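Heads up: the sequence shown begins at 0 in numbering that gives the first Met the number 0, then just goes up one per residue. Cβ coordinates follow ideal geometry from the N, Cα and C atoms, glycine included. On a predicted model such as this, the values are computed, not experimentally measured, just so you know. What follows is a short report on a single structure.
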Amino acid sequence: MDKREMNRREFAQSIGFFTVAALSSSAIAALLTSCSSDDNPAGPTGSNTGGQLKVSLSENTELEQVGGFKTFRVNAEPIIVIHASENSFRTFTLVCTHQACTVSWQSSSRIFQCPCHGSRYDSNGKVTQGPAPRALAEYMTTFDASQNIVTVDFG
């Protein structure tokens, strides 16, 4: 029987070829899925049903002044509480409705901006620039001025 032995150079070349092929196909697949369209875009993460978040203004001084804001994580979902007017607060998810990237609040221009694909939302959470297909989720938010407590209802 004639068994052919592989020398080091042939072995290294074949390993290198298979490594490059495997990495290339993984990278191409990742690129294709990261920019793909999704018929069912991801919504907010976490299971916030039935829960509440109580925020004390004395412990969260960023929220004391109108225009102030603070981010929180509730059940792994990033949210933002914004002091909208004298006795009014608003709470939005920070999860982009396109592909679930975390958006940021630009307080100076009063917009939400997604770093992944450029979606923008106005101060009401409505889409002003796609590809996001729908507005950011807003949660019922109340303020008890007598106790200086903001309550966010996820139910």
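Option nearest residue i by Cα separation, candidates the options
i, options, result
"residue 99", "142, 105, 113 and 91", "113"
"residue 144", "84, 66, 127 and 7", "84"
"residue 97", "133, 138 and 137", "133"
"residue 82", "102, 54, 126 and 103", "54"
"residue 115", "109, 103 and 124", "103"
CB contact flag (residue i, residue j, <8 Å)
i, j, result
"residue 78", "residue 93", "yes"
"residue 140", "residue 71", "no"
"residue 80", "residue 50", "no"
"residue 135", "residue 111", "yes"
"residue 131", "residue 118", "yes"
"residue 107", "residue 68", "no"
"residue 56", "residue 151", "no"
Run of the beta strand (DSSP E) containing residue i, from where it starts to where it stops
i, result
"residue 143", "137-143"
"residue 72", "68-73"
"residue 82", "76-84"
"residue 88", "87-92"
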